[in-house]
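A quick write-up on the structure given underneath.
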Amino acid sequence: MKPLIIAEVACFYLLVASGETLNGIARTVFLNKRVGVPNAKRLSMISALSLCLLICCFYVPLLHIKTDKGLLLLGISLSLFMLGFDLVLGRLVTKTPWGTILDEFNIFKGNLMAVGMIVMAFCPLVSSRIPPIP
60 MKPLIIAEVA CFYLLVASGE TLNGIARTVF LNKRVGVPNA KRLSMISALS
110 LCLLICCFYV PLLHIKTDKG LLLLGISLSL FMLGFDLVLG RLVTKTPWGT
160 ILDEFNIFKG NLMAVGMIVM AFCPLVSSRI PPIP
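The opening residue of the sequence shown carries number 60 in my numbering; numbering runs sequentially from there.
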């Protein structure tokens, strides 16, 4: 893989991570007290995936990935990066216990982080199907 494409993909990952982090901060500051934490998480999942799709619509064409396989690989690698990012942010920055972090991925407790990561893996592919705005 060329060094330039690696840098471009890394910038893409960081752009999505920044957007997702800001979305999480906005959820905590504005939604948690107004609608309760469980509902805030559900609403935030919609805005987070919408934001990811929007970023993909603008950034993925710049990567010149033309195949569905390549777009799925980009999406899967994005989800894996975000998984690692969330784990590092949770443990090292916010000092959240492992049990609490892992609970965020437990759909049986009503948490949708795992579902969001799976849906996020398809964002680059879906964005390639959306026609550009003239």
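Don't be surprised by glycine CBs; every beta carbon is placed ideally from N, CA and C.
Chain-order list of residues whose beta-carbon lies under 8 Å from that of residue i (same chain, five-residue window excluded)
i	result
ILE166	ALA173 and VAL174
PRO97	GLY169
ARG93	ALA99
For residue j and residue i, believed in contact at Cβ under 8 Å, the rounded distance
i	j	result
GLY90	ALA76	The displayed chain sequence assigns Leu, not Gly, to residue 90. Rounded, the Cβ-Cβ distance is 20 Å, inconsistent with contact.
PRO183	LEU130	5 Å
ILE135	ARG150	The pair is not a contact, with the Cβ atoms about 23 Å apart (cut-off 8 Å).
ALA180	LEU110	Rounded, the Cβ-Cβ distance is 15 Å, inconsistent with contact.
LEU73	VAL178	LEU73 to VAL178, Cβ: 20 Å. No contact.
Own chain, CB closer than 7 Å to residue i, minus 5 neighbours either side, in chain order
i	result
CYS116	SER186 and ILE189
THR153	none
DSSP state of residue i mapped onto helix, strand, coil
i	result
GLU163	coil
GLY169	coil
PHE144	helix
LYS61	coil
ALA180	coil
THR80	helix
THR87	helix
THR95	Before going on, a small fix: residue 95 reads as Gly here, not Thr. DSSP places GLY95 in coil when its eight states are reduced to three.
VAL192	Just to set this straight, residue 192 is Ile in the shown sequence, not Val. Coil, per DSSP.
ILE105	helix
PRO156	coil
Close-in-space but distant-in-sequence residues of the same chain around residue i (CB under 6 Å, 5 per side omitted)
i	result
SER106	ASN82
PHE71	TYR118
PHE164	MET172 and ALA173
How do the stretch 117-136 and the stretch 61-77 stand: do at least 3 beta-carbon pairs fall below 8 Å, yes or no?
yes
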